[in-house]
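Here the structure comes first, spelled out in structure tokens, and everything after it is commentary.
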Amino acid sequence: MNGVPPTAEWAGEEPLVFELSTDYEGGPREVASGVPERPLAELLPGVRLRAVPAQIPAVPEPVLARHLGRLARRNHHLHHGIYPLGSCTMKYNPVVDEQLAGLPGFADIHPYQDAADVQGALQLMWELERLLGEITGMARVSLQPAAGAHGEWTGLRMIQAYHAARGDTGRTRVLVPDSAHGTNPASAALAGMEVVTVRSNAAGTVDVDDLRSHLDGSVAAFMMTNPNTLGVFEKDVLEIAEAAHQEGALLYYDGANLNALVGMARPGDMGFDVVHLNLHKTFSTPHGGGGPGSGPVGVTAALAAFLPTPTVERDGDRFRLDGDRPQSIGKVRSFYGNFGMLVRAYAYLRTYGSSISDVARDAVLNARYLRSQLQDLFPMAVPTASMHEFVATTRGCRVPGLRAIDVSKRLLDFGVYAPTAYFPTTVPEALMFEPTETESKRSLDLLAAICAVIVGEAEGDLGFVQAAPHLTPVSRVDEVEAARKPILRWRAPG
Amino acid sequence: MAYLPNGAAERRQMLDAVGVASVDDLFSAIPGRLRHPSLDLPAPLAEQDLVGELERLAARNHALGTVDAFLGAGVYRRYIPAIVRASIARPEFYSAYTPYQAEASQGTLQTIFEFQSMICALTGLDVANASLYDGATASAEAVMMAVAQTGRSRAVVAADIHPEVLSVIRTFGAGRGLEVVLSGDVARAAGDRDACVVVAQPGFLGTLSELAPIAAAARAAGALSICVADPVACALLEPPGEAGFDIAVGDGQPLGIPPSFGGPHVGFMAVRQELMRRLPGRLVGEARDHHGRRAYTLTLQAREQHIRREKATSNICTNHALMALAATVYMARMGAGGLRRVAEVSVQRAHHLFDRLVELDGISAVPPGQPFLWEFVVRVPGDAAEFAAQMRRQGIVAGLPLGRVDPSRRDQILVCCTETTSPAAIDRYVAAAARAMPAGEAA
Chain A
5 MNGVPPTAEW
15 AGEEPLVFEL
25 STDYEGGPRE
35 VASGVPERPL
45 AELLPGVRLR
55 AVPAQIPAVP
65 EPVLARHLGR
75 LARRNHHLHH
85 GIYPLGSCTM
95 KYNPVVDEQL
105 AGLPGFADIH
115 PYQDAADVQG
125 ALQLMWELER
135 LLGEITGMAR
145 VSLQPAAGAH
155 GEWTGLRMIQ
165 AYHAARGDTG
175 RTRVLVPDSA
185 HGTNPASAAL
195 AGMEVVTVRS
205 NAAGTVDVDD
215 LRSHLDGSVA
225 AFMMTNPNTL
235 GVFEKDVLEI
245 AEAAHQEGAL
255 LYYDGANLNA
265 LVGMARPGDM
275 GFDVVHLNLH
285 KTFSTPHGGG
295 GPGSGPVGVT
305 AALAAFLPTP
315 TVERDGDRFR
325 LDGDRPQSIG
335 KVRSFYGNFG
345 MLVRAYAYLR
355 TYGSSISDVA
365 RDAVLNARYL
375 RSQLQDLFPM
385 AVPTASMHEF
395 VATTRGCRVP
405 GLRAIDVSKR
415 LLDFGVYAPT
425 AYFPTTVPEA
435 LMFEPTETES
445 KRSLDLLAAI
455 CAVIVGEAEG
465 DLGFVQAAPH
475 LTPVSRVDEV
485 EAARKPILRW
495 RAPG
Chain B
9 MAYLPNGAAE
19 RRQMLDAVGV
29 ASVDDLFSAI
39 PGRLRHPSLD
49 LPAPLAEQDL
59 VGELERLAAR
69 NHALGTVDAF
79 LGAGVYRRYI
89 PAIVRASIAR
99 PEFYSAYTPY
109 QAEASQGTLQ
119 TIFEFQSMIC
129 ALTGLDVANA
139 SLYDGATASA
149 EAVMMAVAQT
159 GRSRAVVAAD
169 IHPEVLSVIR
179 TFGAGRGLEV
189 VLSGDVARAA
199 GDRDACVVVA
209 QPGFLGTLSE
219 LAPIAAAARA
229 AGALSICVAD
239 PVACALLEPP
249 GEAGFDIAVG
259 DGQPLGIPPS
269 FGGPHVGFMA
279 VRQELMRRLP
289 GRLVGEARDH
299 HGRRAYTLTL
309 QAREQHIRRE
319 KATSNICTNH
329 ALMALAATVY
339 MARMGAGGLR
349 RVAEVSVQRA
359 HHLFDRLVEL
369 DGISAVPPGQ
379 PFLWEFVVRV
389 PGDAAEFAAQ
399 MRRQGIVAGL
409 PLGRVDPSRR
419 DQILVCCTET
429 TSPAAIDRYV
439 AAAARAMPAG
449 EAA
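Residue numbers (the working numbering), protein chains in the order written: chain A, 5 to 498; chain B, 9 to 451.
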């Protein structure tokens, strides 16, 4: 095609597995049944079998390995460079945690094995619950939710059950700040609740007067992220907690930003009743290209009866699952949670142990330092001191017309991932940076230097930056056209 | 500390640049009485001590590979080719983020597109999403999708659905007024108040249903038909889409993912074209880059929470991308032919074990004459939990004693064979079962 720049062999278009093989009937056959075989028609009388094989080709392993190798080179990842995504906490995932989760004693055990055969797994879950409870200041923690949003919904279901058990049935509304993650209102809607948005003030924190004006007997809960999505600590949190509790509402803590506080301050001490955690953020389990995550939910003693079943209980030196909890909201997923992620988070927590606050200290220092290095380049969304992340904007920077998306895409050319762009939605042209504690000063200096280069490039030739990225395996992808005529699967030609 | 790269010198330089005297000053916005809680946490561990500690915990579990395992019940021990584990162990995949920046995420995006395509091929349906948490939440999402599509609020669910799936459907529906009706004959039970009919293939107890009449009955009632399908069974049996089903969901765990005490696994969902915009979760679509080259991107995001907030089709933010990658590599390695062979070997072995067990005095099929694939129920004399305990003492995890999920089935056990169940293990099962029979039961 004209105008396509020459690329390395692994760049440009990569064939799909469907284009690497059309062998739908072969595949590995080394497994002999080893028992006297009978015709399927005899074993499965009257059962309708597949008439034609599924179009899933068997790809010879050497071909498949190279396909995966090329695809791997087309991903940015943490072993390659910084991932300064705000609110996502893309910290380094310790390699040893990956190895430990793969031990046969963890990976090769079945959720329905007798408790006597899985004492180590139950003990790990029991201990992890205590560690997370201690760090959050919560009485009990369910490890069952599979992700943060799943944890939010689980927490809201428990809040509903708490009010219902008290005969307080009129609480159908959930208050959410305008800067909240999109999952907060979506989870509330999924729980069948009405969402009311609370305004932020000029400092970027909750407008307490606006909050008070919404608080009444119809409010089940107020959901907060603290530090909020601007990276600003909600300094009025104690006043907010008191106001909410006075009106009979509960306070929900979205743990997406716990990395700023871990070991330094506890949501429970601030007055929160329900806390969800993202183990894939603060507790370093890998993001996996979009999951699996893990979203445990902690509650105060007043809500413990409503936890999903089963819980893990200890009798002396034996551990068991307890499914006999009559007030429970039920199960929120199959079995007991993303156990493999729990192993990783447990390993991470045991590594830090009582020094866990070192994580928050370096996370906040790194973010404040990066902010100091970028503040002459990009205006900050709010003047308020921020913690583990901060929000800048290209609006008002020295190149008119330079947009957040252009900076984001050009960063990719330098082997740096983009910050979270266009969030929170309250800030135009937002760039939300969160370096995490696992970046070195050298790495932050490099990021700041690259940002300066990009602004300089835009000053000289804005079009060049707007056409970025130039050096990635593919150039800017037309998302609008992709959504207009969605092609969501491969189909055989012809 | 192991994962903190900066030392005292760097911290000093950074504090000076920020313009504060100490790290504690960075936390001054936090009210004083909240700061520095005294925490009861264990001492930090060096990597070597950590490994020792977790290896000790792991050793307190009896891995399935160290016993003769006949336990299935929704989680299956299937052989996982080495390339599957090697692929998901690559940091390029496991340490990557959700692929929002398409240009730096083509690896993840393309593997998800391949996953979606393979799930469509397996289920015989038009569109599949990028994955969900597990089979149970996928089933619940499908039910809520049917509620939204039909404006009705009742679900007819086959009585032999997996109890974990049923429980999660109930929890999902409870906040939104969903009524769940269990039925032994869903085709007859479906009526014009129903949003959907849900059937599992195979059912929790291993039984197979004739799918086409169920889909037809749902359609006649104006309800959507939902099949909770085992993906390996889909390689052998008529797929749900071809039988007329609107939605197929299930758990992809049998496709190259270890049991891991119940998670992480991966949910899948495939639907007819008309339901595409109601799908929950991520979708990857084919696109073009500015040079006209084929590329992939997240698409139809207008359904999702970060755009639509409370009006989104679901609150799902992440999927289970890495587990979907494992399933994709597994399926590409095996192909449809290899998958079918895995299914056939499992069927042959399970039937061989079944035939030999029911020859034993005291053991009988429940219910007799029912077709099954690789999982079946037998009645044993007395309490099946006691039978399982006796078998366990002989190194055999004999199956799931059904009293654990249904008190009326205390004398029954659900037994499973896969391609990892060796013929020698089957011989040992039969011999041990004969020894476990109470004396005199033969009469």
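Ideal Cβ placement from N, Cα and C applies to all residues, glycine included.
At least one CB atom of chain B sits nearer than 9 Å to the CB of V122 of chain A. Cα atoms of D417 of chain A and I454 of chain A: separation of roughly 10 Å, rounded to the nearest angstrom. By the Cβ criterion, the region 102–113 of chain B is in contact with the region 69–88 of chain A, since at least three pairs of Cβ atoms, one from each stretch, lie closer than 8 Å. At least one CB atom of chain A sits nearer than 9 Å to the CB of C128 of chain B.
The Cβ-Cβ distance between G343 of chain B and V67 of chain A does not fall below 9 Å. With respect to chain A, the C-beta atom of A25 of chain B has a partner C-beta closer than 9 Å.
Here the alpha carbons of T158 of chain A and P115 of chain A stand approximately 21 Å from one another. In the DSSP secondary-structure assignment, A77 of chain B is bridged to B:V405.
Taking 7 Å as the Cβ-Cβ cut-off, the region 140–160 of chain B approaches chain A at Y141, D142, G143, A144 and T145, given in chain order.
Within 10 angstroms of the beta-carbon of S338 of chain A lie 16 or more other beta-carbons, which makes it buried. For K445 of chain A, a Cβ of chain B is located within less than 9 Å of the residue's own Cβ. Using a CB distance cut-off of 9 Å, E41 of chain A counts as an interface residue toward chain B. Non-local beta-carbon contacts of A396 of chain B in its own chain, meaning distances under 6 Å to residues more than five positions away in sequence, involve A406 and P409 in chain order. For C455 of chain A, the enclosing alpha helix (DSSP H) stretches over residues K445 to G464. Checking the DSSP bridge columns, you'll see H280 of chain A partnered with A:D258 and A:V301. Fully contained in the region 85–110 of chain B is no beta strand (DSSP E) run of length 3 or more. Within chain B, no C-beta atom comes less than 9 Å from the C-beta of E23 of chain A; the nearest is roughly 10 Å away. Counting only runs of 3 or more residues that sit fully inside the region 346–423 of chain A, the beta strand (DSSP E) segments are 394–397, in chain order.
Assignment of D273 of chain A by DSSP, reduced to helix, strand and coil, places it in the helix class. In this structure, A248 of chain A sits away from Y141 of chain B, with a CB-CB distance that is not shorter than 9 Å. Listed along the chain, the chain B residues whose CB falls inside 7 Å of the CB of H80 of chain A are A104, A112 and S113. With respect to A256 of chain B, A226 of chain B sits apart: the two C-beta atoms are not nearer than 9 Å.
R144 of chain A has A:V303 as its beta-bridge partners, per DSSP.
DSSP, reduced to helix, strand and coil, places G186 of chain A outside both helices and strands of the structure shown, so it counts as coil.
Residues of chain A with a Cβ closer than 8 Å to the Cβ of D76 of chain B do not exist, since the nearest Cβ in that chain sits about 13 Å away. Between the region 221–233 of chain A and the region 116–130 of chain A there are fewer than three C-beta pairs closer than 8 Å, too few to call the two in contact. Listed in chain order, the positions of the region 288–311 of chain B with a beta carbon within less than 9 Å of a beta carbon of chain A are R290, L291, V292, G293, E294, A295, R296, D297, H298, H299, G300, R301, R302, A303, Y304, T305, L306, T307, L308, Q309 and A310. Residues of the region 189–211 of chain B with a C-beta less than 8 Å from any C-beta of chain A: none at all. CA-CA distance, I409 of chain A to I60 of chain A, rounds to 37 Å. Listed in chain order, the non-local C-beta contacts of P189 of chain A below 6 Å within the same chain comprise V180 and V199, local neighbours out to five positions each way being set aside. About 17 Å separates the CB atoms of G293 of chain B and F276 of chain B; that is not less than 8 Å, and the two are not in contact. Using beta-carbon distances, G30 of chain A counts as an interface residue toward chain B, with a partner under 9 Å. Sequence-distant partners of S191 of chain A (beyond 5 residues in either direction) whose C-beta falls short of 7 Å from its own C-beta, in its chain, are A153, E156, W157 and L160.
Remark: C-beta atoms of M153 of chain B and L232 of chain B approach each other more closely than 9 Å. Around S95 of chain B, the beta-carbon contacts reaching into chain A at under 8 Å are L72. Q56 of chain B counts as exposed, since fewer than 16 other C-beta atoms from the protein chains shown sit within 10 angstroms of its C-beta.
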